[in-house]
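Quick note: the sequence shown uses this note's numbering, first residue 1, plus one each step.
The beta-carbon is built from N, C-alpha and C at its ideal position, and this holds for glycine as well.
Please read the structure below before turning to the comments.
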Amino acid sequence: MGDGTPSMPIALINEHKIANPTIMIDEVEKSGGSAHNGRAIDSLLNLFEPTSSKRSFDEHLCGNCDFSHIS
1 MGDGTPSMPI ALINEHKIAN PTIMIDEVEK SGGSAHNGRA IDSLLNLFEP TSSKRSFDEH
61 LCGNCDFSHI S
């Protein structure tokens with residue numbers, strides 16, 4: 001396993017012992033549009049877009065995770 005903490009979806013799955021959690025995100029458009037530190041919407045797109053969510057790399061686990069069942 002890598003250093004640091006797991007991604008938010010992995011932490012939720014582990015904490016609540018539910019393999020298909022529902023994640024609610026409010027006011028993501030207010031997070032800013034600057035690409036300087038990365039845009040939040042770009043990170044979320046990989047989580048919720050069907051093709052990329054099946055193979056999302058988690059640096060803590062050093063491997064791909066299937067987030068396609070998260071809603």
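Pairwise C-alpha distance: residue j and residue i
i, j, result
"residue 68", "residue 56", "9 angstroms"
"residue 62", "residue 9", "15 angstroms"
"residue 14", "residue 58", "14 angstroms"
"residue 23", "residue 51", "18 angstroms"
"residue 20", "residue 5", "20 angstroms"
"residue 30", "residue 7", "22 angstroms"
Terminal residues of the alpha helix (DSSP H) in which residue i lies
i, result
"residue 71", "Unbroken run through residue 71: none, as it is neither H nor E."
"residue 57", "Note, residue 57: premise wrong, no alpha helix (DSSP H); beta strand (DSSP E) at 56–58."
"residue 46", "40–48"
"residue 19", "Segment: none, residue 19 is in no alpha helix (DSSP H) and carries neither H nor E."
Supposed contact pair residue j and residue i - C-beta distance, whole angstroms, cut 8 angstroms
i, j, result
"residue 28", "residue 41", "6 angstroms"
"residue 46", "residue 53", "7 angstroms"
Reference residue i; option with closest CA among the options
i, options, result
"residue 44", "64, 71, 20", "71"
Host beta strand (DSSP E) of residue i (start-end)
i, result
"residue 64", "63–65"
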